[in-house]
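Residue numbers (my numbering), protein chains in the order written: chain A, 22 to 361; chain B, 22 to 361. Here's the structure we're looking at; comments come further down.
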DNA sequence: TTGTAAGCGTTATCAA
DNA sequence: TTGATAACGCTTACAA
């Protein structure tokens, strides 16, 4: 490995002169600089990140922590983050799993963006207490070193509920996310608020897991008790798709006997038949804003918590109960109606 | 920031003793060790990664380089890598974009897995020449510090072609990937080999880009010249789906007038209507094997190049030209046939 | 304009 | 079993 010491020797100058030349410090003559640069190039010099980080106490690398690497949401989100990071001279790395948490306290990265509900809040606060900078995308955390960039879950869930109600639904199943999920809790809270306001709307909560399997199980449960047109609000698209998949194997038609709406507007939701209604938001912008906020708090600039706005995307998965013939359900041949 | 020096002072021992205690070196008494450990904990000591990396000349971090963060292939691939990395005491970070290439030469990571055709081979060879360890997933590169874990593209493309031919197809469109793509070149080579062997099979190559848009454009082109049942082999699923999307807006029915097969068997391919036939392989295993190979070459163990085997997944997008009525196409009302 | 030297937080060699 | 001490490669006062 060739170091500035080697260059200094070859150029017949001191290591500090080399360092200055390499860093574009204008303390050195253009002549010596270009000589040093030439030698550095000739020797294939590459700076050592660890040494620089050790000395400067910053790595110019930001980390984002995800629950896992799959998930349809991440693509745009991450490229939004990367774009902002790069324009500010930072690199972005993506991490997942408990093992990699050490990157933050060990100062391998200058800050972290969290979208991983398995990353304990206590741990995050600990790190923030030690001075590390963090942006959270999946929880509320009040701390001078932590900033939040959260989805407007309340608006989204309210939009979804009102959309179903506008379409004449009086009976709405709500499939939630896993216990620990902040998004799920927030969305559910908004659901209740809307439902309680509408006296004649009945709502049934089913515990889900934000994964396809949760939607399938919810479908089973709904099929067992189905007796009249209803709507389902799955608190994310993944579950909505699992639910539609399962329903497709039954006699009930999505968009006819059962209306379904999701949340996140993932790409797959455009391909499901019928097209899934959902709540959309700019994932790219979310990522970009998160990165911006992180860079700001690292720079010591004051920041306020931010909110990502959402919109409703219509889909044929919601048509209203009026669409269905009164006799339609009962007309299902008995022997095939065994599912429900 | 609390360092081993601080601990040493508080414990009344030297820094080397602290270092030994912290690293589980059995040169120290259990008594002193536990005292030191207690003090370290009390002081919230966290080792400094940069310092350790600088001294030990290794970071115990491996990096994987992707073209972008989206793409349906990555989820399983990355979790396969992560699992292997973690069991060997390595952390995995995901990087994208030219800026982050520096991680390797600057020794931020101990090795790299490449799945990014925009990462120039010359650059990789350069790094390998300098002693860095690399595993490539998207090209052939002969170098003592580079190992390859490649898909069996030849087998996959051959399977796909034979599947179409078995179904009676004589006219096969092939939509390729972008210029630089190794996978595309390999698959195409196999396509030609099969097609040339079958005297009565005509094949037409259309340049694509491995993205949805490429499939859509290919569809346009096919629609313009369509006059008889044909098949399309899209060299990846993404394009196949774009193609099906476009075709869905025309009079031609996939699985009837036009059969389609893809490559990769991404999740979306299960949701397209009709279900897309494709070439499958274990993405998880691919990632796991790549990580294993990288860890081995870092450890100086000898490795051979590896190959990931593929299988054919049938789908209703391929039924054979015999399925279509001879008059069927012509019976399309003239005013609606304007597309082709 | 360039050089000297201290120090970032570790690890590891060698003495004690 | 422990302690001094010299690196690792770099940045940056301060001196020349």
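Backbone N, C-alpha and C define an ideal beta-carbon position, used for all residues, glycine too.
Can you list, in chain order, the residues of its chain whose CB lies under 7 Å from that of residue i, leaving out five sequence neighbours each side?
i                      : result
residue 357 of chain B : For residue 357 of chain B, the pLDDT reaches just 27, beneath the cut-off of 50, and the residue's location in the model is therefore unreliable, leaving the point undetermined.
residue 349 of chain B : Its pLDDT being 40, under 50, residue 349 of chain B is placed unreliably in this model, and the coordinates cannot settle the point.
residue 113 of chain A : 83, 85, 102, 103 and 106
residue 342 of chain A : 189, 190 and 250
residue 309 of chain A : 101, 102, 104 and 105
residue 155 of chain A : 132, 133, 135, 145, 148, 149, 166 and 167
residue 81 of chain A  : 110, 111, 112 and 131
residue 93 of chain A  : 287, 288 and 289
Residue i touches chain B at which residues, Cβ-Cβ below 7 Å?
i                      : result
residue 107 of chain A : 118 and 120
residue 132 of chain A : Ordered by position in chain B, no residue passes the 7 Å Cβ test against residue 132 of chain A, which lies about 15 Å from the chain.
Determine, for residue i, whether the minimum Cβ-Cβ distance to residues of chain B falls below 7 Å.
i                      : result
residue 67 of chain A  : yes
residue 229 of chain A : no
residue 91 of chain A  : yes
residue 112 of chain A : yes
residue 100 of chain A : yes
residue 58 of chain A  : no
residue 129 of chain A : yes
residue 71 of chain A  : yes
Cβ of residue i less than 7 Å from any chain A Cβ?
i                      : result
residue 115 of chain B : yes
residue 74 of chain B  : yes
residue 342 of chain B : no
Take residue i and list the residues in its own chain whose beta-carbon comes closer than 6 Å to its own, dropping the five residues that flank it on each side.
i                      : result
residue 179 of chain A : 211 and 215
residue 182 of chain B : 212 and 215
residue 230 of chain A : 199
residue 24 of chain B  : none
residue 209 of chain B : 197
residue 125 of chain A : 133, 148 and 153
residue 282 of chain B : 181, 254, 298 and 339
Residues of chain A with a CB under 8 Å from the CB of residue i: which are they?
i                      : result
residue 126 of chain B : 67
residue 103 of chain B : 90, 117 and 118
Against residue i, what residues of chain A qualify as contacts under a CB-to-CB distance less than 9 Å, listed in chain order?
i                     : result
residue 97 of chain B : 90 and 91
With a CB to CB cut of under 8 Å and the five nearest residues on each side skipped, what residues in its chain are close to residue i?
i                      : result
residue 117 of chain B : 86, 87, 88, 89, 90 and 137
residue 35 of chain B  : 29
residue 232 of chain B : 259, 260 and 263
residue 161 of chain A : 169, 171 and 203
residue 279 of chain B : 243, 247, 250, 251, 252, 253, 268 and 273
residue 127 of chain A : none
residue 70 of chain A  : 80
The segment 278-303 of chain A: positions lying closer than 8 Å to chain B by Cβ: Legend: CB atoms of the segment 278-303 of chain A lying less than 8 Å from CB atoms of chain B belong to residues 288, 289, 292, 293 and 294.
Below 8 Å, how does it come out for the segment 330-338 of chain A and the segment 38-53 of chain B: are there three or more Cβ pairs, yes or no? no
Under 8 Å: do the segment 22-32 of chain A and the segment 50-64 of chain A share three or more Cβ pairs, one atom per stretch? yes
Note down, in chain order, all residues in the segment 147-178 of chain A with a beta-carbon under 7 Å from any beta-carbon belonging to chain B. If the cut-off is 7 Å between Cβ atoms, the segment 147-178 of chain A has 151 near chain B.
The segment 24-45 of chain A: positions lying closer than 7 Å to chain B by Cβ: Listed in sequence order: no entries.
Give a yes or no on contact between the segment 321-329 of chain B and the segment 283-295 of chain B, applying the rule of three or more CB pairs nearer than 8 Å. With contact defined as three or more Cβ pairs closer than 8 Å, the segment 321-329 of chain B and the segment 283-295 of chain B are not in contact.
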